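Novice: I have a structure here, written as structure tokens, and I will follow up with some questions on it.
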Amino acid sequence: GAGVSQSPRYKVAKRGQDVALRCDPISGHVSLFWYQQALGQGPEFLTYFQNEAQLDKSGLPSDRFFAERPEGSVSTLKIQRTQQEDSAVYLCASSPSHPRLTNEKLFFGSGTQLSVL
Amino acid sequence: ELKVEQNPLFLSMQEGKNYTIYCNYSTTSDRLYWYRQDPGKSLESLFVLLSNGAVKQEGRLMASLDTKARLSTLHITAAVHDLSATYFCAVDRVGTASKLTFGTGTRLQVTL
Numbered sequence: 010g011a012g013v014s015q016s017p018r019y020k021v022a023k024r025g026q027d028v029a030l031r032c033d034p035i036s037g038h039v040s041l042f043w044y045q046q047a048l049g050q051g052p053e054f055l056t057y058f059q060n061e062a063q064l065d066k067s068g069l070p071s072d073r074f075f076a077e078r079p080e081g082s083v084s085t086l087k088i089q090r091t092q093q094e095d096s097a098v099y100l101c102a103s104s105p106s107h108p109r110l111t112n113e114k115l116f117f118g119s120g121t122q123l124s125v126l
Numbered sequence: 015e016l017k018v019e020q021n022p023l024f025l026s027m028q029e030g031k032n033y034t035i036y037c038n039y040s041t042t043s044d045r046l047y048w049y050r051q052d053p054g055k056s057l058e059s060l061f062v063l064l065s066n067g068a069v070k071q072e073g074r075l076m077a078s079l080d081t082k083a084r085l086s087t088l089h090i091t092a093a094v095h096d097l098s099a100t101y102f103c104a105v106d107r108v109g110t111a112s113k114l115t116f117g118t119g120t121r122l123q124v125t126l
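Order-wise, the sequence lines are chains A and B.
The numbering of the first sequence is our numbering, which starts it at 10 and goes up by one.
The numbering of the second sequence is our numbering, which starts it at 15 and goes up by one.
Here it is as structure tokens:
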């Protein structure tokens with residue numbers, strides 16, 4: 010597709026339920042990022058992949074959060090035993106290579122809005 | 015811990031007026047970004063500022079960076095309604111490979 014695609018667009022989960030959020034980056038993009046954006050706040054970094062390698066997961070808030078990108082393209086962010094504080098918009102971003110090394114822009118998806126009841 | 019602060023948090027301005035959004039950050043960084051976000055939409059990259067004194071302009075928006083003061087500004091000239099959105103600055107911390115730290119955002123409303 011033309012841009013970064015995320016699904017579902019909206020997800021409502023009951024507390025304790027597991028959820029999986031999908032990100033389809035722009036075809037050929039090497040770098041992939043996940044950010045969490047709480048209501049009225051700026052995005053906060055969760056994790057970063059270069060191809061299939063997860064190079065930085067320091068922003069994942071707990072061991073309930075897990076991300077993978079097994080073939081270096083599509084990525085899934087999984088949240089186990091969801092809690093109310095997990096309610097947020099989860100944004101995925103990609104770039105052709107490493108943005109810091111190449112001054113390239115990040116391309117963001119529209120996000121998945123997760124509501125935990 | 016790197017902190018990024020924006021002000022104002024909310025800005026209502028009339029069409030045709032000028033205004034400036036400020037972005038302060040707490041630790042050394044050599045790279046600053048400005049993004050725009052419309053409600054329910056993606057973040058759109060506006061500017062990447064790479065060095066002290068950098069200035070970039072696109073249309074009615076101009077961004078500048080003072081790394082000594084740890085300050086960036088986003089200046090809006092002769093605002094139009096289409097500029098209504100939330101604007102974020104973000105800083106890429108020296109020594110980290112990938113993380114952006116975002117400000118809280120400035121919600122801009124341009125009234126007719």
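Virtual Cβ for every residue (Gly too), placed ideally from N, Cα, C.
Remember, predicted model here, so these are calculated numbers, not experimental data.
(1) Is the Cβ-Cβ distance between S84 of chain A and L41 of chain A less than 8 angstroms?
(2) Considering only C-alpha positions, which residue in the set B:H95, B:Y47, B:C37 is nearest to A83 of chain B?
(3) Between the Cα of E61 of chain A and those of A:L48, A:D72, A:Q50, A:H38, spot the shortest distance and give me the residue it belongs to.
(4) If we ignore side chains and look at the alpha-carbon of each, how far apart do K20 of chain A and S124 of chain A end up?
(5) Give me the DSSP bridge partner(s) of I35 of chain A.
(6) Can the beta-carbon of A76 of chain A be found less than 8 angstroms from the beta-carbon of Q92 of chain A?
(7) Using a Cβ-Cβ distance cut-off of 8 angstroms, determine whether D33 of chain A contacts chain B.
(8) Closest by CA to A47 of chain A, which one among B:S98, B:G117, B:L126?
(9) Is the distance from the Cβ of Q15 of chain A to the Cβ of S119 of chain A below 8 angstroms?
(10) What residues in the segment 56 to 88 of chain A bring their beta carbon closer than 8 angstroms to a beta carbon of chain B?
(11) Do L85 of chain B and L63 of chain B come within 8 angstroms of each other at the CB atom, strictly closer than that value?
(12) Could you round the C-beta distance between I35 of chain A and F116 of chain A to whole angstroms and report it? I think they count as a contact, below 8 angstroms.
(13) For the segment 40 to 59 of chain B, enumerate the residues whose C-beta is nearer than 9 angstroms to any C-beta of chain A, in chain order.
(14) On the DSSP bridge list, what partners appear for L25 of chain B?
(15) Using DSSP bridges, identify the partner residues of T85 of chain A.
(16) Within this structure, are the beta carbons of A93 of chain B and M27 of chain B separated by less than 8 angstroms?
(17) Are the C-beta atoms of K17 of chain B and some chain A residue less than 8 angstroms apart?
(18) What number of angstroms, rounded off, separates the C-alpha of A22 of chain A from the C-alpha of S96 of chain A?
(19) Which residues in chain B have a C-beta closer than 7 angstroms to the C-beta of G115 of chain A? List them in chain order.
Specialist: Working from what's here:
(1) For the purposes of this step, residue 84 of chain A is taken as the residue at position 75 of the first sequence. For the purposes of this step, residue 41 of chain A is taken as the residue at position 32 of the first sequence. Against a cut-off of 8 angstroms, the Cβ pair of L41 of chain A and S84 of chain A comes out as a contact.
(2) Sequence index remark: in the second sequence, residue 83 of chain B carries index 69 (1-based). Cα-wise, what sits closest to A83 of chain B is B:C37.
(3) As a working mapping, residue 61 of chain A is identified with position 52 in the first sequence. With distances taken between Cα atoms, E61 of chain A lies closest to A:H38.
(4) Sequence index remark: in the first sequence, residue 20 of chain A carries index 11 (1-based). Sequence index remark: in the first sequence, residue 124 of chain A carries index 115 (1-based). So the two alpha carbons sit approximately 6 angstroms from each other.
(5) Within the first sequence, numbered from 1, the residue matching residue 35 of chain A stands at position 26. I35 of chain A is not bridged to any residue.
(6) Translated into positions along the first sequence, residue 76 of chain A becomes position 67. Translated into positions along the first sequence, residue 92 of chain A becomes position 83. For A76 of chain A and Q92 of chain A, no; Cβs fall outside 8 angstroms.
(7) Taking the first residue of the first sequence as 1, we reach residue 33 of chain A at position 24. Output row for D33 of chain A: interface = no.
(8) Within the first sequence, residue 47 of chain A is the residue found at index 38, counting from 1. Checking every option, the nearest Cα to that of A47 of chain A belongs to B:G117.
(9) Mapped onto the first sequence, residue 15 of chain A falls at position 6. Mapped onto the first sequence, residue 119 of chain A falls at position 110. A contact, by the Cβ cut-off of 8 angstroms.
(10) Y57, L64, D65, S67, G68
(11) Here the question's residue 63 of chain B lines up with position 49 in the second sequence. Here the question's residue 85 of chain B lines up with position 71 in the second sequence. Result no, Cβ atoms of L63 of chain B and L85 of chain B do not sit closer than 8 angstroms.
(12) Here residue 35 of chain A is taken as the residue at index 26 of the first sequence, counted from 1. Here residue 116 of chain A is taken as the residue at index 107 of the first sequence, counted from 1. With a Cβ gap of about 6 angstroms, I35 of chain A and F116 of chain A count as contacting.
(13) R45, Y47, Y49, Q51, G54, K55, S56, L57, E58, S59
(14) Counted from its first residue, the second sequence places residue 25 of chain B at position 11. DSSP, once it has assigned bridges, lists B:L122 as partnering L25 of chain B.
(15) Within the first sequence, residue 85 of chain A is the residue found at index 76, counting from 1. Partner(s): A:R31, A:E77.
(16) Within the second sequence, residue 93 of chain B is the residue found at index 79, counting from 1. Within the second sequence, residue 27 of chain B is the residue found at index 13, counting from 1. It is a contact, given that the beta carbons lie within the stated cut-off.
(17) Within the second sequence, the letter at position 3 stands for residue 17 of chain B. Chain A contact via Cβ: absent.
(18) Within the first sequence, numbered from 1, the residue matching residue 22 of chain A stands at position 13. Within the first sequence, numbered from 1, the residue matching residue 96 of chain A stands at position 87. Rounded to the nearest angstrom, the two C-alpha atoms are 9 angstroms apart.
(19) Here residue 115 of chain A is taken as the residue at index 106 of the first sequence, counted from 1. As written in the sequence, residue 115 of chain A is Leu, which differs from the Gly given in the question. Under the 7 angstroms cutoff, chain B gives S59.
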